DNA sequence: GCAGACGACTAGACGGTGTCTACTCATCCT
DNA sequence: AGGATGAGTAGACACCGTCTAGTCGTCTGC
């Protein structure tokens, strides 16, 4: 419990640790409040609803994913294709190692409940992806946005089915590297 | 309430209707029991746990998806690529029009809880996909299983992100047809 | 023909959950 | 000094999943 940390931030932090270590079923409002050392009514001052607290925890996940991505890109050569490969790896690793948080980030009931700005939080990452795709694929057709959307969807599907456990089972693969490479090749053409 | 229908089947049917029309948050054990006209303890005779009932409802969804797929393939020409396109469309349409059920079918807590045989239920569909991929792509490398896995992951990602709402938002698309076509081309090469 | 076992279901209790409301209490402003 | 406000507590409420005891009709063995 950090000294100068407000309850609002503490709830987000404690909830994040909880979902990372115990999974999405562990993050009840009351459990988060208990671990934060406050009564179960306290969170209500900052998050009118349980869903809004979960939403903030999910947003925190996007923030960290974006930070990981930019950190990885900072030490990757300028070649757009290599940067895309690094980005894909970061995305997959995040989903695999922080699967509880990842699952929370894509719970669609978090998105449908109004002005949660969750989608806005994920947009910068998509714009980064679109930019890299545009650099790696100078052809104008299909537009970079479409290719980036397809690539993102593919990454997301791989991550999800991998966590699900049936992708290694169905394909016999034990490392996703080949699958990720094949995915990049499929969407961008053969590597230079 | 059908005359010769046992309670077990009725619970699955009523629960299925509920998740289709009201979404995944509506299918509490007690609500399903209420709609089936029995007390909240009754389901326990057939499903020792709420999760097992949900699992049966999800399995029912896989059965229907497989039925839809085979029905669509029955009236599609023999060209494997066309059949794959039809299959992709069926998969996407199912996810889009029955989003609540689709979400339930991929809830990973349903899969991790032991002998639920949910994965087994989805296997025939994957084998069908693998078979079509093998026909459409006679090259031995990469193996058809891997390509089918990547294609399935891609379809799943598209369906999920589309339901999520950010795929049309990010790419500006209003119809997934172009995205699905691009996906098939990416994994199988240009259409003949 | 009847007693007992059994299957199918009911009813109530228990602890847990999210939300709502009434309340305490320290701090701040004028 | 005193009232307003912010921050958190505590308890109620309805709902949830699970567990247990009990009811009631049917079927079986003698």
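Residue numbers (my numbering), protein chains in the order written: chain E, 39 to 230; chain F, 39 to 230. Each residue gets a CB set at the ideal place from its N, CA and C atoms; glycine is no exception. None of the values given here were measured: they were computed from a predicted structure.
Leaving aside the five residues that flank residue 159 of chain E on each side, the residues in its chain whose CB is nearer than 6 Å to its CB run, in chain order, 97, 100. Setting aside the 5 residues that flank it on each side, residue 221 of chain E is surrounded in the same chain by 126, 189, 192, 193, 196, each with a C-beta closer than 8 Å to its C-beta; the list follows chain order. Shown here for residue 200 of chain E: same chain residues with a beta carbon closer than 8 Å to its own, the five before and five after excluded, namely 130, 133, 134, 206, 214 in chain order. Rounded to whole angstroms, the gap between the alpha carbons of residue 217 of chain E and residue 122 of chain E is 14 Å. Counted as a single uninterrupted DSSP element, the stretch harbouring residue 66 of chain E is not any alpha helix (DSSP H), since DSSP gives it neither H nor E. Contact of residue 141 of chain F with chain E by beta-carbon distance below 8 Å involves 146. One alpha carbon belongs to residue 187 of chain E, the other to residue 75 of chain F, and they sit about 46 Å apart. In the three-state scheme derived from DSSP, where H, G and I count as helix and E and B as strand, residue 115 of chain F is classed as coil.
Residue 70 of chain E is outside the set of residues whose beta carbon lies under 8 Å from a beta carbon in chain F. With fewer than 16 other Cβ atoms from the protein chains shown falling within 10 Å of its own Cβ, residue 68 of chain F counts as exposed. For residue 198 of chain F, the closest Cβ of chain E is nearer than 8 Å. The contact set of residue 149 of chain E on chain F, defined by CB atoms closer than 7 Å, consists of 202, 203 in chain order.
Linking residue 89 of chain F to residue 82 of chain F through their CA atoms gives a straight-line distance of about 11 Å. Residue 56 of chain E and residue 92 of chain E do not touch by the CB rule: their CB atoms are close to 11 Å apart, not below 8 Å.
Remark: C-beta atoms of residue 53 of chain E and residue 95 of chain E approach each other more closely than 8 Å. Taking the CA atoms as reference points, residue 228 of chain F sits about 21 Å from residue 128 of chain F. Contacts with chain F at 8 Å (Cβ-Cβ) do not include residue 57 of chain E. CA-to-CA, the gap between residue 47 of chain F and residue 148 of chain E works out to about 32 Å.
Close CB contacts of residue 119 of chain E within its chain, under the 8 Å cut and outside five residues either way in sequence, are with 174, 222, 226, 229, 230 (chain order). Short of 7 Å from the beta carbon of residue 106 of chain F, and not among the five residues preceding or following it, lie these beta carbons of its own chain, in chain order: 128, 132.
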